[in-house]
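Residue numbers (my numbering), protein chains in the order written: chain Y, 37 to 146; chain Z, 8 to 119. Beta carbons are placed, not taken as given, at the ideal position from N, Cα and C, and that holds for glycine. Computed from a prediction, not measured in an experiment: that's the story for all the values here. Below you'll find the structure, written out as structure tokens, and then a few comments.
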């Protein structure tokens, strides 16, 4: 079946360093979404990318959708302790089905 | 306030018992979802429902059952047939047109 993989699985960074997580789908996606889950919490929507090659920015976060619509990345510039959590991508396959990636757990050391 | 309410937040059950997790939303969303999350892992889709009285199996539906008798409600039953039910269960909803998923705070089930 369809799979969405993320790398790395874990990342520890010093506060102020940059961070990137990558998402790869086995099939072409109609769109991709990114979510953040704080420790002990539930996933919260960050952004949705729809167009091939799309790039969107939210303050220190930059999101990209690949040209083939099979991969995506999230880059955080100058991490802060508030960035701690697990970041998930979710690919939409069909009208209603979402397949979540395996997630990247980010720890930021002060 | 609009949102998704899951209950109970924590649940313990003995092996061989069925248990039902509640999910209620007042966002007027058409689609609802159940995901399972195991420690340190991603979210796996159990069931989803596009409209009332209709639902589809996700990737790990075996041992689970759902119903969608009302737009607001999408309960999940974890049956005794589920081999390893201890997990964190997340319910989500989405409006009819494509958009973000809104998640409840989750239900943590532990089988003793």
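Tell me whether the beta-carbon of residue i lies closer than 9 Å to the beta-carbon of residue j.
i                     : j                     : result
residue 115 (chain Y) : residue 91 (chain Y)  : no
residue 101 (chain Y) : residue 86 (chain Y)  : yes
residue 97 (chain Z)  : residue 44 (chain Z)  : yes
residue 72 (chain Y)  : residue 82 (chain Y)  : yes
residue 56 (chain Y)  : residue 38 (chain Y)  : no
residue 60 (chain Y)  : residue 47 (chain Y)  : no
residue 53 (chain Z)  : residue 32 (chain Z)  : no
residue 17 (chain Z)  : residue 117 (chain Z) : yes
residue 102 (chain Z) : residue 29 (chain Z)  : no
residue 4 (chain Z)   : residue 100 (chain Z) : No answer is possible for residue 4 (chain Z): it lies beyond the span of chain Z, which begins at 8 and ends at 119.
residue 132 (chain Y) : residue 55 (chain Z)  : yes
residue 74 (chain Y)  : residue 130 (chain Y) : no
Could you give the first and the last residue of the continuous beta strand (DSSP E) run that contains residue i?
i                     : result
residue 48 (chain Y)  : 46–50
residue 80 (chain Z)  : Unbroken run through residue 80 (chain Z): none, as it is neither H nor E.
residue 169 (chain Y) : Residue 169 (chain Y) lies beyond the residue range present for chain Y, which begins at 37 and ends at 146; the question has no answer from this structure.
residue 55 (chain Z)  : 50–56
residue 32 (chain Y)  : It is not possible to answer for residue 32 (chain Y), since the shown part of chain Y is limited to 37 through 146.
residue 73 (chain Z)  : 71–73
residue 43 (chain Y)  : 40–43
residue 29 (chain Z)  : 26–32
residue 97 (chain Z)  : 94–101
residue 12 (chain Z)  : 11–14
Interface residues of the stretch 104–116 of chain Z facing chain Y [CB-CB below 8 Å]
105, 106, 107, 108, 109, 110, 111, 112, 113
If contact is defined by three or more beta carbon pairs under 8 Å, each pair taking one atom from either stretch, is the stretch 36–55 of chain Z in contact with the stretch 136–143 of chain Y?
yes
Touching or not, the stretch 25–37 of chain Z and the stretch 95–112 of chain Z, by the rule of three or more beta carbon pairs under 8 Å?
yes
Near-chain Y residues of the stretch 36–50 of chain Z - C-beta to any C-beta below 8 Å:
38, 40, 42, 47, 48, 49, 50
What residues in the stretch 13–36 of chain Z have a beta carbon less than 8 Å from any beta carbon of chain Y?
none
Using 8 Å as the Cβ pair cut-off and three pairs as the minimum, do the stretch 113–133 of chain Y and the stretch 47–63 of chain Y touch?
yes
Please list the segments of the beta strand (DSSP E) lying wholly inside the stretch 56–105 of chain Y, counting only runs of 3 or more residues, in order along the chain.
67–73, 80–85, 91–94, 97–101
Contact between the stretch 57–73 of chain Y and the stretch 77–88 of chain Z is defined here as three or more beta-carbon pairs at a separation below 8 Å; is this criterion met?
no
When you check each C-beta in the stretch 48–70 of chain Z against every C-beta of chain Y, which residues fall closer than 9 Å?
48, 49, 50, 51, 52, 55, 56, 57, 63, 65, 66
Cβ-based contacts, 7 Å cut-off: residues of the stretch 78–100 of chain Z near chain Y:
97
Contact residues within the stretch 49–69 of chain Y, judged by C-beta distance below 9 Å to chain Z
66, 67, 69
Contact list for the stretch 120–137 of chain Y against chain Z, Cβ threshold 9 Å:
122, 124, 126, 128, 131, 132, 133, 134, 135, 136, 137
Taking a cut of 9 Å between CB atoms, which residues from the stretch 98–114 of chain Y lie near chain Z?
none
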